[in-house]
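Asker: One structure follows; several queries about it will come next.
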Amino acid sequence: MSDTCVLSLSCPDQAGLVAKVAGFLAENGGNITDAEQYNDPLTKRFFMRVEFDPGSTAPGTFRDAFAAIADAHGMEWKLREPGYTPKVVLMVSKLDHCLGDLLYRMRIGELNMEVVAIINNHPREVLTTSLIGDIPYYHFPITKDTKPQQEAQVKQVVTDTGAELVVLARYMQILSDDMTRFLTGRCINIHHSFLP
-18 MSDTCVLSLS CPDQAGLVAK VAGFLAENGG NITDAEQYND PLTKRFFMRV EFDPGSTAPG
42 TFRDAFAAIA DAHGMEWKLR EPGYTPKVVL MVSKLDHCLG DLLYRMRIGE LNMEVVAIIN
102 NHPREVLTTS LIGDIPYYHF PITKDTKPQQ EAQVKQVVTD TGAELVVLAR YMQILSDDMT
162 RFLTGRCINI HHSFLP
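Take the sequence shown: its position 6, counting from 1, is numbered -13 in my numbering, and each next residue is one higher.
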């Protein structure tokens, strides 16, 4: 379990944002341990993720004080406090090496997450990993004709479990536009290959 906080934000791109955030954290006793940023030239938006040690400052103090900066710059932001464990849905297809890797890393404490569901478009019997244990498993078959119904089932699981993140762990399906809108900002693909 990490003792660090994570501040993530996005806003219209403008000069001085990195300095503003770093200065704010330093002035309030925070020490940056990791920072990443991205400026999207198409949308002209700025994205930043900063992991920091809050020192002796209560995380709530950062939250209250940062609100003024966020408002002044039109930021959408969230602050994840120490001890936070995100609820995650893992989606997988036949080959389960990515799923097994995630579950193993979670089990040994390398990945801080609570897997609230595993969704597969194939039955559980096709998987070889023994790490699933008692994690709820959903088999939602999919064809071109049943894709809207299958994705509705996926949405229901995500909603019912309160999942904050969906990880495509070699889920070999292309998500519909409707599904990607539903998962905007809370879905990542960890299997970096191209689909047809």
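C-beta: ideal position from N, C-alpha, C; glycine also.
Note that the coordinates shown come from a computational prediction; the quantities given were computed from them, not determined experimentally.
(1) Can you say whether A49 is buried or exposed, counting buried as having 16 or more other CB atoms within 10 angstroms of its CB?
(2) For the structure I just gave you, are there three or more beta carbon pairs, one from the region 128 to 146 and one from the region 94 to 104, closer than 8 Å?
(3) Note down, one range per segment and in chain order, each alpha helix (DSSP H) of at least 4 residues found wholly within the region 50 to 129.
(4) Using a Cβ-Cβ cut-off of 7 Å (strictly less than) and excluding sequence neighbours within five positions of S111, which residues of its own chain qualify?
(5) Can you tell which of V2, K128 and G90 has its C-alpha closest to the C-alpha of D159?
(6) Quick one: any contact between the region 69 to 83 and the region 28 to 40, if contact means 3 or more CB pairs under 8 Å?
(7) Would you call the CB atoms of M87 and P67 closer than 7 Å?
(8) Would you list the one or two residues that DSSP bridges to E132?
(9) Taking the continuous alpha helix (DSSP H) assigned at E17, which residues delimit it?
(10) To the nearest angstrom, how far is the alpha carbon of V(-1) from that of I113?
(11) Does N12 pass the burial test, meaning 16 or more other C-beta atoms within 10 Å, or should it be called exposed?
(12) Which class does D141 belong to by DSSP, given the choice of helix, strand or coil?
(13) Below 8 Å on the Cβ atoms is my guess for N170 versus L146; work out the distance and round it to an integer in Å.
(14) Distance, Cα to Cα, D(-16) vs T24?
(15) With DSSP run on the structure shown, which of helix, strand or coil describes P(-7)?
(16) Just curious, the alpha helix (DSSP H) that L156 is in, first and last residue?
(17) DSSP state of D(-16), grouped into three classes?
(18) Mark Y152 as exposed unless 16 or more other C-beta atoms lie within 10 angstroms of its C-beta, in which case mark it buried.
Answerer: Let's see:
(1) Exposed: under 16 other Cβ atoms inside 10 Å.
(2) Result yes; three or more Cβ-Cβ pairs closer than 8 Å.
(3) Entirely contained in the region 50 to 129, the alpha helix (DSSP H) runs reaching 4 residues are, in chain order, 78 to 88.
(4) No residues qualify anywhere along the chain.
(5) For D159, the nearest C-alpha among the options comes from K128.
(6) Per the Cβ contact rule, the region 69 to 83 is not in contact with the region 28 to 40 (fewer than 3 Cβ pairs under 8 Å).
(7) No, Cβ-Cβ distance for M87 and P67 is not below 7 Å.
(8) Its beta-bridge partners do not exist; DSSP assigns none.
(9) First-last for E17: N12 to D21, but that is the beta strand (DSSP E), not the alpha helix (DSSP H).
(10) Cα to Cα, V(-1) sits roughly 41 Å from I113.
(11) Under this definition N12 is an exposed residue.
(12) D141 falls in the helix class under three-state DSSP.
(13) Actually they do not touch by this definition, with Cβ atoms about 12 Å apart.
(14) Whole-angstrom Cα-Cα distance: 34 Å.
(15) Three-state result, P(-7): strand.
(16) In the DSSP assignment, L156 falls outside any alpha helix (DSSP H) and carries neither an H nor an E.
(17) Residue state, collapsed to three classes: coil.
(18) Counting of Cβ neighbours within 10 angstroms places Y152 among the buried residues, the total reaching 16 or more.
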